[in-house]
Amino acid sequence: MSVEIDFRRDRYLSEFSIKTLQDRYLVNGEGSPQQAFARAAEAFADDDAHAQRLYDYASKLWFMFSTPILSNGGTKRGLPISCFLNYVDDSRRGITDHYTENAFLSSVGGGVGGYWGDIRSVGSKTSNGSESTGVIP
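If you count by numbering that gives the first Met the number 0, then the sequence shown holds residues 0 to 136, one letter each, in order.
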């Protein structure tokens, strides 16, 4: 895919915005936020026309890609997903698996959360006859 980049659109960005994008979002070889917008557009578009529309919308600040899309789109690093919400099973294995899964997801830049609603409440009986301490925040 090939997006037609308009470098003049950098003027829509404040100096702070440009510096932030350069510091945190541009990859090697990119000198302008416009190139990052084009990279992300090309990475997730269905075809050339779609890529151009995505680029145009982002470069005109009509919408903006999420952080992981703009940071990682079109690269081999990280993931293009902002947040992961995981289920926690009511067992030692389920709780341990949840922590392990979150460690791996967060190591590649994902935000994590969990649904703890199925964990038994304080005082409920466990499979070995003891009492549950419930969810401890």
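Here a beta-carbon is modelled for each residue, glycine too, at the ideal position from N, C-alpha and C.
From the DSSP output, read off the bridge partner residues of GLY108. Answer is none; GLY108 lacks a bridge partner.
State yes or no: is the C-beta of ALA50 within less than 8 Å of the C-beta of VAL111? Contact flag unset, no.
Taking the straight line between their C-alpha atoms, what separation do you get for GLY109 and THR95? When rounded, the distance between both Cα atoms is 18 Å.
To which residues of the same chain is ARG52 closer than 7 Å at the C-beta, ignoring the five residues directly before and after it? If we look at ARG52 and ignore the five residues flanking it on each side, it has no Cβ neighbours.
Hey, is the segment 80–88 in contact with the segment 111–121, meaning 3+ C-beta pairs nearer than 8 Å? Yes: the two stretches touch, three or more of their Cβ pairs being nearer than 8 Å.
Considering only residues of the same chain and omitting the five flanking positions on each side of GLY93, which have a CB-CB separation below 6 Å? Closer than 6 Å at the Cβ level, and outside the excluded window around GLY93, lie VAL87.
Hey, ALA42 and TYR54: beta-carbon distance below 8 Å or not? No; because the gap between Cβ atoms is not below 8 Å, this pair is not in contact.
Chain-order list of residues whose beta-carbon lies under 8 Å from that of GLY122 (same chain, five-residue window excluded): Here the set comprises GLU130, SER131, GLY133.
Specify the secondary structure class of GLU41 as computed by DSSP and reduced to three states. Helix at GLU41.
Residues near GLY57 by beta carbon distance below 8 Å, same chain, minus five either side: Per the sequence shown, residue 57 should be read as Ala rather than Gly. Shown here for ALA57: same chain residues with a beta carbon closer than 8 Å to its own, the five before and five after excluded, namely PHE36, ALA39, ALA40, MET63, PHE64 in chain order.
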